[in-house]
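Asks: Residue numbers (this note's numbering): 17 to 435.
The beta carbon of each residue, even a glycine, is placed where N, CA and C say it ideally should be.
If you want it as structure tokens, here you go:
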């Protein structure tokens, strides 16, 4: 589809379509497209980037450890026991369509039911899981869908992705840029001696993306709701994304990572049993690998990954039940609109789309884009069949800031009036 457009698809269910292909379910342990081949062998996920030739063996695992913390901070228990969880003994099914392939693995992990069992190295609680990896012919992103049914208390489940990139820094997305963070700051070793009130944790906030990169390889994780990550592994080459933390108190005093003071209400310990998350939970993430990391390209892929397709179904008569039902028209359009329409397109630019909104003074539209790179890029050319042109640059209050220049500066966030 063209930029900023909609398309109408008419379905005539009285005719059998010759180009309709139903999804095919089959047994197997491999899916592929032009970008990746994904295999499950002995419980280990192997991802091969078919364009770079790099194979990521044992690329995806899960980690379960204790959570003796509160609603503010994770804190491990003394004598913690971390379980390394793979996908061995999973029931594997494949679903294939002409444009997508999905491999789904179902099974159960055994984890400690509580911290007492973890201290005794006992597992009795079943953690049912369903992990789906999806490939699309129109995307370079590996879709990851995780569903778990949690019955255990005081623990943390993380998805761990092996990047094969030994790192000193992680690169995490902010709203309009990215930030480099040390993966192993020296203060971790001396924070108590230096008089710090709490540990300078390497569990970092996750807004949208996080990546590890070097000169010839990178791995990026896209999050759709998961809010923290940590770089782990002997060589700091693995990205651990927290799926959930099950804990039971609003604020606790004297945690191992935050000795002495309590967060929240300092004079009262407040139980929060709902935060033990005794329920079925689902998580959606994405994985991208490549040879040359480009901030704008990765962010564009994230925007596509995180944006849901907007659609609605218009139907006058329903014949699905025993009787035909005529629908009442709801909010009918005042004017006739074309079946297909594109407002405009922005071409020849690596800028990342932020938003398009109608101007507050009703004078056209405000298009906002930004540049994550450390160098200037082309701002692009507006193409419209309806006469729209880029009129001026505005600030966030939509006040004029002058003419539109042909370049986006390093780190620039630009709002342009389109009229």
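At which residues does the alpha helix (DSSP H) containing residue 376 begin and terminate?
Replies: No alpha helix (DSSP H) holds residue 376; DSSP gives it neither H nor E.
Asks: Does the distance from the CB of residue 397 to the CB of residue 384 come in under 8 Å?
Replies: no
Asks: Which residue comes first and which comes last in the alpha helix (DSSP H) that contains residue 309?
Replies: No alpha helix (DSSP H) holds residue 309; DSSP gives it neither H nor E.
Asks: Hey, out of 152, 299, 230 and 210, whose CA is closest to residue 182's CA?
Replies: Of the listed residues, the one whose Cα sits closest to residue 182 is 230.
Asks: Which class does residue 317 belong to by DSSP, given the choice of helix, strand or coil?
Replies: helix
Asks: For chain B, find out if any of its Cβ atoms is closer than 8 Å to the Cβ of residue 91; answer yes or no.
Replies: Absence of chain B from the displayed structure is noted, only one protein chain being present.
Asks: Going by alpha carbons, who is nearest to residue 57 out of 67, 50, 104 and 255?
Replies: 104
Asks: Residue 78 and residue 176 - do their beta-carbons sit closer together than 8 Å?
Replies: yes
Asks: Helix, strand or coil for residue 400? Go by DSSP, reduced to three states.
Replies: coil
Asks: Could you spell out the range, first to last residue, of the alpha helix (DSSP H) harbouring residue 75?
Replies: Taken as a continuous stretch (DSSP letters only), residue 75 belongs to no alpha helix (DSSP H), as it is neither H nor E.
Asks: Under 8 Å: do the stretch 108-122 and the stretch 196-206 share three or more Cβ pairs, one atom per stretch?
Replies: no
Asks: Who are residue 285's beta bridge partners in DSSP?
Replies: None, per the DSSP bridge assignment.
Asks: With a Cβ-Cβ cutoff of 8 Å, do residue 263 and residue 83 count as a contact?
Replies: yes
Asks: In angstroms with no decimal places, state the Cα-to-Cα distance between residue 113 and residue 158.
Replies: 16 Å
Asks: Have a look at residue 164 and residue 392 and give me their C-alpha separation to the nearest angstrom.
Replies: 44 Å
Asks: Return the chain-ordered list of same chain residues with a C-beta closer than 7 Å to the C-beta of residue 314, the five sequence neighbours on each side being excluded.
Replies: Here the set comprises 225, 227, 236 and 304.
Asks: For residue 173, tell me which candidate among 222, 81 and 217 has the shortest Cα-Cα distance.
Replies: When each option's Cα is compared against that of residue 173, the closest is 81.
Asks: DSSP on residue 232, reduced to helix/strand/coil?
Replies: coil
Asks: For residue 405, tell me which candidate among 415, 411, 382 and 413 has the shortest Cα-Cα distance.
Replies: Nearest Cα to residue 405 within the set 415, 411, 382 and 413: 382.
Asks: Whole angstroms is fine: what's the gap from residue 63's alpha carbon to residue 50's?
Replies: Computed Cα separation, rounded: 13 Å.
Asks: Taking just the CA atoms, how far does residue 21 sit from residue 408?
Replies: For residue 408 and residue 21, the distance between alpha carbons rounds to 23 Å.
Asks: Got a sec, what are the start and stop residues for the alpha helix (DSSP H) residue 206 sits in?
Replies: 203-206
Asks: On the DSSP bridge assignment, give the partners of residue 422 in chain order.
Replies: Answer is none; residue 422 lacks a bridge partner.
Asks: Could you tell me if residue 194 is buried or exposed, where buried requires 16 or more neighbouring beta carbons within 10 angstroms of its beta carbon?
Replies: buried
Asks: DSSP on residue 50, reduced to helix/strand/coil?
Replies: coil
Asks: Between residue 127 and residue 171, how many whole angstroms is the CB-CB distance? I'm expecting something under 8 Å.
Replies: 6 Å
Asks: From the DSSP output, which residues share a beta bridge with residue 341?
Replies: 334
Asks: Using three-state DSSP, classify residue 322 as helix, strand or coil.
Replies: helix
Asks: For residue 407, does the three-state DSSP call read helix, strand or coil?
Replies: strand
Asks: When you compare the CB positions of residue 18 and residue 358, do they come within less than 8 Å of one another, or not?
Replies: yes
Asks: Buried or exposed: where does residue 189 fall if 16 or more other Cβ atoms within 10 Å of its Cβ makes it buried?
Replies: Flag for residue 189 reads buried.
Asks: To the nearest angstrom, how far is the alpha carbon of residue 307 from that of residue 234?
Replies: 6 Å
Asks: Under DSSP, the beta strand (DSSP E) around residue 39 begins and ends at which residues?
Replies: Looking at the DSSP string, residue 39 is not in any beta strand (DSSP E), and its letter there is neither H nor E.
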